[in-house]
Amino acid sequence: HKTTMTDEVFPDSVKDFVFDLHDASRRSFIASEEQALYSGTFRETTAKYFPNVAWPSPAAISSECGGDELFLALYNELTLRHLQSVKRPNVNDRIEGWHAYRELFDLLLKEAPEDGAEVKSANLYLIPEWCFDILHEFLYQFQGFCQFRTTTYCAAAKTADEPEKRSANVSDALELLGQNRDAWAVETVLFYLHRLVAVGTQKNASATYRYLAYFSSVTLSRLECLLGDYKASIDALD
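In the numbering used here, each residue carries its 1-based index in the sequence shown increased by 26.
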(Lines of atoms letter the chains of each structure in order from A and count residues from 1; the text may use other names and numbers.)
(Lines give C-alpha, C1' and ligand atoms only; values in the text may rest on other atoms or scores of the structure.)
Protein backbone atom coordinates (compact mmCIF):
# COMPACT_ATOMS: atom_id res chain seq x y z
CA HIS A 1 0.00 0.00 0.00
CA LYS A 2 1.25 3.44 -0.90
CA THR A 3 0.57 6.27 1.58
CA THR A 4 -2.40 8.31 0.37
CA MET A 5 -4.92 10.75 1.74
CA THR A 6 -6.96 7.70 2.73
CA ASP A 7 -4.26 6.93 5.31
CA GLU A 8 -4.82 10.28 6.97
CA VAL A 9 -8.56 10.84 6.70
CA PHE A 10 -11.20 8.25 6.01
CA PRO A 11 -14.90 7.96 6.88
CA ASP A 12 -16.25 6.48 10.09
CA SER A 13 -18.05 3.85 8.00
CA VAL A 14 -14.65 2.46 6.98
CA LYS A 15 -13.57 2.28 10.62
CA ASP A 16 -16.87 0.59 11.50
CA PHE A 17 -16.39 -1.96 8.71
CA VAL A 18 -12.91 -2.88 9.90
CA PHE A 19 -14.04 -3.12 13.53
CA ASP A 20 -17.06 -5.27 12.63
CA LEU A 21 -15.13 -7.58 10.29
CA HIS A 22 -12.49 -8.10 12.93
CA ASP A 23 -15.19 -8.89 15.50
CA ALA A 24 -16.91 -11.36 13.17
CA SER A 25 -13.70 -13.19 12.24
CA ARG A 26 -11.94 -13.18 15.61
CA ARG A 27 -14.62 -13.06 18.30
CA SER A 28 -18.29 -13.60 17.46
CA PHE A 29 -17.84 -16.14 14.60
CA ILE A 30 -21.37 -15.42 13.32
CA ALA A 31 -21.26 -16.61 9.72
CA SER A 32 -24.24 -14.57 8.49
CA GLU A 33 -22.72 -11.33 9.84
CA GLU A 34 -19.33 -12.06 8.30
CA GLN A 35 -20.97 -12.97 4.99
CA ALA A 36 -22.83 -9.66 4.90
CA LEU A 37 -19.68 -7.71 5.71
CA TYR A 38 -17.40 -9.57 3.30
CA SER A 39 -19.77 -9.93 0.35
CA GLY A 40 -21.87 -6.81 0.85
CA THR A 41 -20.39 -4.04 2.97
CA PHE A 42 -16.86 -4.35 1.57
CA ARG A 43 -18.07 -4.06 -2.02
CA GLU A 44 -20.43 -1.20 -1.20
CA THR A 45 -17.75 0.72 0.70
CA THR A 46 -15.22 0.10 -2.05
CA ALA A 47 -17.61 1.38 -4.72
CA LYS A 48 -18.37 4.51 -2.68
CA TYR A 49 -14.90 5.53 -1.48
CA PHE A 50 -12.20 3.45 -3.18
CA PRO A 51 -13.42 2.42 -6.65
CA ASN A 52 -10.03 2.93 -8.32
CA VAL A 53 -7.67 3.62 -5.42
CA ALA A 54 -6.13 1.81 -2.46
CA TRP A 55 -7.96 1.29 0.80
CA PRO A 56 -6.24 2.73 3.89
CA SER A 57 -3.03 0.89 4.74
CA PRO A 58 -3.03 -1.76 7.50
CA ALA A 59 -1.08 0.62 9.73
CA ALA A 60 -3.77 3.28 9.32
CA ILE A 61 -6.59 1.01 10.54
CA SER A 62 -4.58 -0.96 13.08
CA SER A 63 -6.29 0.69 16.07
CA GLU A 64 -9.69 -0.60 14.89
CA CYS A 65 -8.58 -4.20 15.46
CA GLY A 66 -6.25 -3.77 18.41
CA GLY A 67 -3.19 -4.30 16.22
CA ASP A 68 -4.19 -7.92 15.52
CA GLU A 69 -1.39 -9.15 13.22
CA LEU A 70 -3.32 -11.95 11.56
CA PHE A 71 -6.38 -9.81 10.92
CA LEU A 72 -4.18 -7.02 9.52
CA ALA A 73 -2.62 -9.57 7.13
CA LEU A 74 -6.11 -10.70 6.07
CA TYR A 75 -7.15 -7.06 5.57
CA ASN A 76 -3.97 -6.40 3.57
CA GLU A 77 -4.63 -9.34 1.25
CA LEU A 78 -8.28 -8.36 0.80
CA THR A 79 -7.56 -4.73 -0.06
CA LEU A 80 -4.53 -5.48 -2.26
CA ARG A 81 -6.69 -7.98 -4.13
CA HIS A 82 -9.16 -5.17 -4.82
CA LEU A 83 -6.41 -2.80 -5.94
CA GLN A 84 -4.90 -5.30 -8.36
CA SER A 85 -8.35 -5.86 -9.86
CA VAL A 86 -8.79 -2.17 -10.77
CA LYS A 87 -5.28 -1.31 -11.98
CA ARG A 88 -2.66 -2.95 -14.13
CA PRO A 89 -0.13 -4.24 -11.59
CA ASN A 90 3.49 -3.33 -12.15
CA VAL A 91 6.48 -5.28 -10.91
CA ASN A 92 6.36 -3.56 -7.50
CA ASP A 93 2.70 -4.48 -7.09
CA ARG A 94 3.40 -8.11 -7.98
CA ILE A 95 6.26 -8.39 -5.51
CA GLU A 96 4.20 -6.62 -2.83
CA GLY A 97 1.47 -9.20 -3.42
CA TRP A 98 3.99 -12.01 -2.88
CA HIS A 99 5.11 -10.59 0.45
CA ALA A 100 1.47 -10.09 1.50
CA TYR A 101 0.67 -13.77 0.89
CA ARG A 102 3.82 -14.97 2.63
CA GLU A 103 3.00 -12.88 5.68
CA LEU A 104 -0.61 -14.09 5.72
CA PHE A 105 0.22 -17.77 5.31
CA ASP A 106 3.04 -17.61 7.86
CA LEU A 107 0.64 -16.15 10.43
CA LEU A 108 -2.11 -18.63 9.60
CA LEU A 109 0.30 -21.52 10.01
CA LYS A 110 1.69 -20.03 13.22
CA GLU A 111 -1.79 -19.84 14.77
CA ALA A 112 -2.80 -23.33 13.64
CA PRO A 113 -2.80 -25.85 16.51
CA GLU A 114 -0.16 -28.56 16.53
CA ASP A 115 -1.33 -31.97 15.44
CA GLY A 116 -2.88 -33.79 18.41
CA ALA A 117 -2.95 -30.73 20.66
CA GLU A 118 -6.12 -30.09 22.66
CA VAL A 119 -8.09 -27.14 21.28
CA LYS A 120 -10.63 -25.57 23.62
CA SER A 121 -12.00 -23.04 21.16
CA ALA A 122 -11.28 -21.65 17.70
CA ASN A 123 -9.52 -18.31 17.37
CA LEU A 124 -10.45 -17.54 13.77
CA TYR A 125 -13.48 -17.92 11.55
CA LEU A 126 -13.50 -17.19 7.82
CA ILE A 127 -16.50 -18.03 5.66
CA PRO A 128 -15.82 -20.51 2.83
CA GLU A 129 -16.10 -17.76 0.19
CA TRP A 130 -13.31 -15.78 1.84
CA CYS A 131 -11.07 -18.86 2.05
CA PHE A 132 -11.71 -19.67 -1.60
CA ASP A 133 -10.99 -16.12 -2.73
CA ILE A 134 -7.62 -16.08 -0.92
CA LEU A 135 -6.43 -19.31 -2.55
CA HIS A 136 -7.91 -18.50 -5.96
CA GLU A 137 -6.19 -15.11 -6.04
CA PHE A 138 -2.92 -16.63 -4.78
CA LEU A 139 -2.68 -18.86 -7.85
CA TYR A 140 -3.95 -16.10 -10.15
CA GLN A 141 -1.20 -13.75 -8.98
CA PHE A 142 1.39 -16.53 -9.33
CA GLN A 143 0.34 -17.03 -12.95
CA GLY A 144 0.35 -13.30 -13.58
CA PHE A 145 3.84 -12.93 -12.16
CA CYS A 146 5.20 -15.80 -14.26
CA GLN A 147 3.69 -14.30 -17.42
CA PHE A 148 5.03 -10.84 -16.55
CA ARG A 149 8.53 -12.21 -15.88
CA THR A 150 8.58 -14.12 -19.18
CA THR A 151 7.37 -11.07 -21.11
CA THR A 152 10.03 -8.90 -19.46
CA TYR A 153 12.85 -11.35 -20.20
CA CYS A 154 11.71 -11.71 -23.82
CA ALA A 155 11.63 -7.94 -24.25
CA ALA A 156 15.11 -7.67 -22.72
CA ALA A 157 16.47 -10.43 -24.98
CA LYS A 158 15.56 -8.39 -28.07
CA THR A 159 18.04 -5.73 -27.00
CA ALA A 160 20.63 -8.03 -25.42
CA ASP A 161 23.38 -6.60 -27.64
CA GLU A 162 22.24 -3.01 -27.16
CA PRO A 163 20.87 -2.73 -23.60
CA GLU A 164 20.90 1.06 -23.83
CA LYS A 165 17.95 0.79 -26.24
CA ARG A 166 15.72 -0.90 -23.64
CA SER A 167 12.75 1.04 -22.36
CA ALA A 168 12.89 2.40 -18.82
CA ASN A 169 10.03 0.08 -17.83
CA VAL A 170 11.90 -3.03 -18.98
CA SER A 171 15.15 -1.92 -17.35
CA ASP A 172 13.42 -1.14 -14.04
CA ALA A 173 11.54 -4.44 -14.11
CA LEU A 174 14.75 -6.38 -14.79
CA GLU A 175 16.48 -4.70 -11.87
CA LEU A 176 13.63 -5.44 -9.46
CA LEU A 177 13.28 -9.02 -10.65
CA GLY A 178 16.99 -9.49 -10.07
CA GLN A 179 16.69 -8.09 -6.55
CA ASN A 180 13.74 -10.39 -5.76
CA ARG A 181 14.71 -13.72 -7.28
CA ASP A 182 12.73 -15.60 -4.63
CA ALA A 183 9.47 -13.82 -5.47
CA TRP A 184 6.74 -16.30 -6.41
CA ALA A 185 9.21 -19.21 -6.44
CA VAL A 186 7.21 -22.30 -7.36
CA GLU A 187 8.83 -24.35 -4.59
CA THR A 188 7.60 -21.85 -1.99
CA VAL A 189 4.14 -21.67 -3.54
CA LEU A 190 3.93 -25.46 -3.33
CA PHE A 191 5.23 -25.42 0.24
CA TYR A 192 2.47 -23.12 1.48
CA LEU A 193 -0.28 -25.06 -0.26
CA HIS A 194 0.94 -28.40 1.12
CA ARG A 195 1.27 -26.96 4.64
CA LEU A 196 -2.26 -25.52 4.55
CA VAL A 197 -3.58 -28.91 3.45
CA ALA A 198 -1.63 -30.62 6.24
CA VAL A 199 -2.83 -28.39 9.10
CA GLY A 200 -6.38 -28.35 7.77
CA THR A 201 -6.71 -32.13 7.67
CA GLN A 202 -5.62 -32.66 11.28
CA LYS A 203 -8.29 -34.02 13.60
CA ASN A 204 -8.17 -30.87 15.72
CA ALA A 205 -8.50 -28.46 12.76
CA SER A 206 -11.19 -25.79 13.05
CA ALA A 207 -13.76 -25.14 10.31
CA THR A 208 -11.64 -22.31 8.86
CA TYR A 209 -8.54 -24.45 8.51
CA ARG A 210 -10.63 -27.23 6.96
CA TYR A 211 -11.98 -24.76 4.38
CA LEU A 212 -8.45 -23.55 3.65
CA ALA A 213 -7.30 -27.16 3.24
CA TYR A 214 -10.12 -27.98 0.80
CA PHE A 215 -9.38 -24.99 -1.40
CA SER A 216 -5.61 -25.47 -1.09
CA SER A 217 -6.09 -29.00 -2.45
CA VAL A 218 -8.03 -27.64 -5.42
CA THR A 219 -5.39 -24.94 -5.95
CA LEU A 220 -2.62 -27.55 -5.77
CA SER A 221 -4.41 -29.61 -8.40
CA ARG A 222 -4.69 -26.59 -10.68
CA LEU A 223 -1.03 -25.67 -10.11
CA GLU A 224 0.19 -29.18 -10.91
CA CYS A 225 -1.78 -29.01 -14.16
CA LEU A 226 -0.02 -25.77 -15.03
CA LEU A 227 3.31 -27.47 -14.27
CA GLY A 228 2.40 -30.45 -16.43
CA ASP A 229 2.31 -33.06 -13.66
CA TYR A 230 -1.14 -34.54 -14.18
CA LYS A 231 -0.68 -37.46 -11.79
CA ALA A 232 0.22 -35.02 -9.01
CA SER A 233 -2.82 -32.98 -9.99
CA ILE A 234 -5.08 -35.97 -9.40
CA ASP A 235 -3.24 -36.96 -6.22
CA ALA A 236 -3.79 -33.47 -4.79
CA LEU A 237 -7.53 -34.12 -4.74
CA ASP A 238 -7.31 -37.43 -2.85
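By construction, the Cβ of each residue, glycine as well, lies at the ideal position given by its N, Cα and C atoms.
- Ranking Gln-205, Val-212 and Tyr-179 by CA distance to the CA of Val-196 puts Tyr-179 first.
- In the assembly as shown, Tyr-235 is a buried residue. Its beta-carbon has 16 or more other beta-carbons within 10 Å.
- Counting along the chain, the unbroken alpha helix (DSSP H) around Ser-58 starts and ends at 57-61.
- For Cys-91, there is no enclosing alpha helix (DSSP H), as DSSP marks it with neither H nor E.
- Distances from the alpha-carbon of Gln-61 to those of Thr-71, Glu-70 and Ala-50 put Ala-50 closest.
- Distance from the CA of Lys-74 to the CA of Phe-36, rounded to the nearest whole angstrom, comes to 12 Å.
- Straight-line measurement puts the Cα of Ala-199 at about 15 Å from the Cα of Asp-208.
- Relative to the Cα of Glu-95, the nearest Cα in the group Thr-71, Leu-135 and Gly-170 belongs to Leu-135.
- Secondary structure at Phe-36: coil, using DSSP grouped into helix, strand and coil.
- The C-beta distance from Pro-84 to Leu-98 rounds to 4 Å, short enough to meet the 8 Å contact threshold.
- Between Phe-43 and Thr-67, the gap from beta carbon to beta carbon is short of 7 Å.
- Looking at the backbone, the Cα of Ala-80 and that of Val-244 are separated by about 30 Å.
- Excluding its 5 nearest sequence neighbours in each direction, Phe-171 has C-beta neighbours in its own chain below 6 Å: Arg-120 and Trp-210, listed in chain order.
- Gln-167 sits buried, since 16 or more C-beta atoms from the chains shown fall within 10 Å of its C-beta.
- Note on His-125: under 16 other CB atoms within 10 angstroms of its CB, so exposed under the neighbour-count rule.
- Taking 8 Å as the upper bound for CB-CB distance, Phe-131 and Tyr-218 are in contact here, some 5 Å apart.
- Residue environment analysis places Ser-232 among the buried positions, since at least 16 neighbouring C-beta atoms fall within 10 angstroms of its C-beta.
- For His-48 and Cys-91, the gap between their C-alpha atoms comes out near 6 Å.
- Only residues of its own chain outside the window of five on either side were considered, and among them Tyr-237 have a CB closer than 6 Å to the CB of Pro-154, listed in chain order.
- With at least 16 other beta carbons inside 10 angstroms of its own, Leu-203 counts as buried.
- Looking at the backbone, the Cα of Ala-143 and that of Leu-249 are separated by about 31 Å.
- For Phe-241, same chain residues with a beta-carbon under 7 Å away, outside a window of 5 residues either side, are Cys-157, Phe-158 and Leu-161 in chain order.
- A residue is called buried once 16 or more other Cβ atoms fall within 10 Å of its Cβ, and Thr-177, having fewer, is exposed.
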